[in-house]
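Asker:
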């Protein structure tokens with residue numbers, strides 16, 4: 001009798017587990033369903049862009065959508081370089097993105113080193129005032145800034161944007177959060193060994209900060225590459241314009257030719273997409289370890 | 001005695017010297033960002049405040065102080081674009097931020113479960129962020145075309161009526177909100193990083209008590225993630241107030257001077273400042289509008305931080321108590 005009770009109990013238990021398991025499977029299936037559906041929805045604009053970029057302009061709005069055109073028109077990708085000075089836009093954007101990213105990495109990490117590792121008087125007050133600028137929108141002070149740049153004869157030069165954007169408050173914040181998590185003993189013992197502050201920064205702290213470097217590189221490069229308002233305000237002549245302004249020129253001057261605009265857009269995306277996917281792993285780690293999540 | 005006095009004086013001297021050295025070093029390391037900040041942010045910010053009380057305009061011969069006139073003109077409706085842009089901006093902020101937070105949080109929770117191909121999904125959701133917003137918006141511009149756009153085609157394919165999207169003033173902001181949800185990859189990634197740090201023993205406790213996945217979400221995930229939800233909400237509000245590209249690309253208004261047509265329904269606040277300053281060349285009046293934006297963002301940030309104490313659960317605080 002005892003044994004039957006036990007076996008019954010066991011049966012109940014296994015059926016309970018099976019029930020739980022099937023419940024979990026249903027939940028998991030639902031999760032995949034939602035994720036696949038939403039990620040497809042997110043991808044629709046890309047797929048449409050890719051397919052439109054190799055179509056004849058007349059076929060772009062064909063109904064219903066033909067995702068893979070019968071006769072792909074790869075010439076679109078050649079023509080965009082001939083219609084507008086697209087290579088100049090590309091060069092300008094690359095100069096801005098690379099210079100500003102490199103300068104921001106240097107200025108932000110230097111400042112963050114001082115804010116986290118050198119105990120100088122007034123340090124915290126200066127840091128709080130500086131970080132407060134994150135909340136002040138660029139648009140609030142863009143007018144006097146523009147007037148000042150005009151007085152300095154720097155409007156319509158790439159240098160104006162390099163000067164304005166090579167100081168990232170966000171970057172300082174990011175690096176400081178990261179540097180704080182590096183044990184004090186490391187820099188202290190290096191100081192005992194007679195290494196200068198700059199030496200500690202360069203040889204001890206920076207090599208440990210790869211995730212923070214990757215995170216700021218992606219944020220800053222993508223920001224400059226995609227930036228629209230500042231270039232719109234500062235760069236007016238065609239040979240100074242960036243890709244974003246160039247694509248807008250395509251839109252206003254060749255509004256009819258959707259296929260070409262799409263091809264131009266695809267070409268403009270390539271560097272940022274490569275950058276993101278090559279640094280994705282460090283980037284996620286950087287966000288997780290620097291505690292910018294608050 | 002003499003000896004100890006001597007050393008303590010020496011010590012004071014030494015620390016003074018080392019303090020001065022540290023100050024010098026600290027300023028040296030921070031000087032690039034502090035100089036840039038002072039010249040390009042702090043001084044222009046002060047100048048904006050001063051300009052907002054003048055009738056300054058590029059090209060005009062003289063500039064006079066006109067007191068609060070710029071501010072009065074905005075609020076009494078003489079500046080016909082002010083109230084429409086305030087309305088559009090508030091609709092956009094209070095529509096897009098909750099939509100983005102709920103959607104991103106849901107996706108992050110799903111990705112945080114034991115999902116295969118998490119990196120691929122994460123990459124897909126992040127992809128729109130690395131796409132230039134101006135390009136992304138130009139794709140959406142065509143996708144939203146009422147007659148032949150893909151959005152209405154897809155809606156019709158599943159038997160739903162198509163929308164008017166950007167061509168009617170009732171649906172312009174809704175279209176902006178949909179675009180903003182498309183680019184919420186940053187929010188998802190930050191949520192995901194935070195969710196991964198919730199200790200698993202808390203979920204095990206719910207298992208022991210016989211709770212289900214919904215209980216876990218309600219009693220563990222949401223309270224533990226509340227600081228990140230707070231962070232993303234504040235950043236979301238600040239960013240939404242500063243939206244510019246949506247208006248400039250989705251509702252460019254080529255024929256008119258003012259973007260954000262029809263009926264100024266898509267005229268967000270920053271495009272309004274931009275047009276006032278750089279198309280109408282009313283720099284003084286535009287500065288006043290900019291100061292209003294700064295005050296609005298400051299007020300919202302203060303309100304959020306006041307609300308934080310009652311809504312956000314901080315593990316550190318609980319430990320102290």
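Protein chains in written order, with my numbering: chain A, 1 to 294; chain B, 1 to 321. Every residue, glycine too, gets a C-beta built ideally from N, C-alpha and C.
Since residue 45 of chain A meets chain B, which of its residues come closer than 9 Å, beta carbon to beta carbon?
Answerer: Near residue 45 of chain A (Cβ distances below 9 Å), the residues of chain B are 128, 131, 136, 139, 140, 143, 150 and 182.
Asker: Compute the Euclidean distance between the alpha carbons of residue 121 of chain B and residue 141 of chain A, then round it to the nearest angstrom.
Answerer: Taking the straight line from one Cα to the other gives about 39 Å.
Asker: Any chance the stretch 198-211 of chain A sits against the stretch 93-104 of chain B, with 3 or more Cβ pairs inside 8 Å?
Answerer: Contact between the stretch 198-211 of chain A and the stretch 93-104 of chain B is absent, because fewer than three Cβ pairs lie under 8 Å.
Asker: Run through chain A and tell me which residues come within less than 8 Å of residue 110 of chain B, C-beta to C-beta.
Answerer: Result: 31, 34 and 35.
Asker: By Cβ distance below 7 Å, which residues in the same chain neighbour residue 54 of chain B in space, the five residues on each side in sequence not counted?
Answerer: The residues are 63, 64, 65, 66 and 284.
Asker: Using only alpha-carbon positions, find the residue among A:233, A:89, A:137 and A:104 that is nearest to residue 32 of chain B.
Answerer: Closest by alpha carbon: A:104.
Asker: How many angstroms separate the CA atom of residue 167 of chain B from the CA atom of residue 112 of chain A?
Answerer: C-alpha separation (whole angstroms): 48 Å.
Asker: Since residue 47 of chain A contacts residue 67 of chain A with CB under 8 Å, what's their CB separation in whole angstroms?
Answerer: At roughly 6 Å, the Cβ-Cβ gap stays under 8 Å, so residue 47 of chain A and residue 67 of chain A are in contact.
Asker: Just mark residue 34 of chain A as buried or exposed, buried being the case when its beta carbon has 16 or more other beta carbons within 10 Å.
Answerer: Answer is exposed; the Cβ neighbour count stays below 16.
Asker: Quick check on residue 54 of chain B: does DSSP put it in helix, strand or coil?
Answerer: In this structure, residue 54 of chain B counts as strand in the three-state DSSP scheme.
Asker: Residue 25 of chain A: buried (16+ other C-beta within 10 angstroms of its C-beta) or exposed?
Answerer: Its Cβ having fewer than 16 others within 10 Å, residue 25 of chain A is exposed.
Asker: Helix, strand or coil, according to DSSP, for residue 65 of chain B in the structure here?
Answerer: DSSP places residue 65 of chain B in strand when its eight states are reduced to three.
Asker: Based on Cα-Cα distance, which residue from B:70, B:288, B:89 and B:72 lies nearest to residue 363 of chain B?
Answerer: The structure shown does not extend to residue 363 of chain B, since chain B is modelled only from 1 through 321, so no value can be given for it.
Asker: Any idea what DSSP makes of residue 25 of chain A, helix, strand or coil?
Answerer: If DSSP states are grouped into helix, strand and coil, residue 25 of chain A belongs with the helices.
Asker: Tell me the residue span of the alpha helix (DSSP H) that contains residue 191 of chain A.
Answerer: Here the alpha helix (DSSP H) through residue 191 of chain A covers 184-192.
Asker: Report the residue ranges of all alpha helix (DSSP H) runs contained in full by the stretch 90-172 of chain B; include only those spanning at least 4 residues, in chain order.
Answerer: Here the runs fully enclosed are 118-130, 133-143 and 150-157.
Asker: Compare the Cα-Cα distances from residue 181 of chain B to each of A:153, A:22 and A:42 and report the closest residue.
Answerer: Of the candidates A:153, A:22 and A:42, the one whose C-alpha sits nearest the C-alpha of residue 181 of chain B is A:42.
Asker: Going along the stretch 276-292 of chain B in order, which residues come within less than 8 Å of chain A, judged by CB to CB distance?
Answerer: Those would be 277, 278, 283, 286, 287, 290 and 291, in chain order.
Asker: For a minimum of 4 consecutive residues, which ranges assigned as the alpha helix (DSSP H) are wholly contained in the stretch 189-273 of chain B?
Answerer: If we require 4 residues or more, the alpha helix (DSSP H) runs fully inside the stretch 189-273 of chain B come out as 200-208, 213-216 and 222-241.
Asker: Would a check of beta-carbon distances place residue 278 of chain A closer than 8 Å to chain C?
Answerer: The structure shown has no chain C; the protein chains it does contain are A and B.
Asker: With a threshold of 16 other CB atoms inside 10 Å of the CB of residue 313 of chain B, please say whether the residue is buried or exposed.
Answerer: Residue 313 of chain B comes out exposed.
Asker: Mind checking whether residue 243 of chain B and residue 268 of chain B have CB atoms under 8 Å apart?
Answerer: Yes. Within cutoff.
Asker: So that I know if they touch, is there some Cβ in chain B lying closer than 8 Å to that of residue 272 of chain A?
Answerer: So yes, residue 272 of chain A belongs to the interface.
Asker: Would you kindly check if the distance between the Cβ of residue 264 of chain A and the Cβ of residue 247 of chain A is under 8 Å?
Answerer: A contact, by the Cβ cut-off of 8 Å.
Asker: Report the CB separation of residue 287 of chain B from residue 48 of chain B in whole angstroms; it is logged as a contact under 8 Å.
Answerer: Rounded, the Cβ-Cβ distance is 5 Å, consistent with contact.
Asker: List the endpoints of the continuous alpha helix (DSSP H) containing residue 217 of chain A.
Answerer: Here the alpha helix (DSSP H) through residue 217 of chain A covers 210-226.
Asker: With a CB to CB cut of under 7 Å and the five nearest residues on each side skipped, what residues in its chain are close to residue 186 of chain B?
Answerer: Same-chain partners within the cutoff: 129.
Asker: At the level of alpha carbons, what is the spacing between residue 109 of chain B and residue 19 of chain B?
Answerer: Distance between the alpha carbons of residue 109 of chain B and residue 19 of chain B is about 49 Å.
Asker: How is residue 274 of chain A classed by DSSP in three states: helix, strand or coil?
Answerer: Residue 274 of chain A: helix per DSSP, three-state reduction.
Asker: Please classify residue 251 of chain B as buried or exposed, where buried requires at least 16 other C-beta atoms within 10 Å of its C-beta.
Answerer: With 16 or more other Cβ atoms within 10 Å, it is buried.
Asker: Our contact map puts residue 31 of chain A next to residue 117 of chain A with C-beta atoms below 8 Å; I'd like the distance itself, whole angstroms only.
Answerer: Incorrect: roughly 44 Å between the Cβ atoms, too far for contact.
Asker: Please report the straight-line C-alpha distance between residue 23 of chain B and residue 121 of chain A, rounded to a whole angstrom.
Answerer: The straight-line gap from Cα to Cα measures roughly 6 Å.
Asker: Measure the CB-CB distance between residue 148 of chain B and residue 61 of chain A and report whether it falls below 8 Å.
Answerer: Closer than 8 Å, so yes.
Asker: Mind checking whether residue 244 of chain A and residue 231 of chain A have CB atoms under 8 Å apart?
Answerer: Yes; because the gap between Cβ atoms is below 8 Å, this pair is in contact.
Asker: Any residues in the stretch 197-210 of chain B with a beta carbon nearer than 8 Å to a beta carbon of chain A? Which ones, in chain order?
Answerer: So the list reads 197, given in the order they occur along the chain.
Asker: Does chain A have any CB closer than 8 Å to the CB of residue 318 of chain B?
Answerer: Confidence is the limiting factor: at residue 318 of chain B the pLDDT is only 45, short of 50, which leaves the residue's position unreliable, though a coordinate-based value still follows. Residue 318 of chain B does not count as touching chain A.
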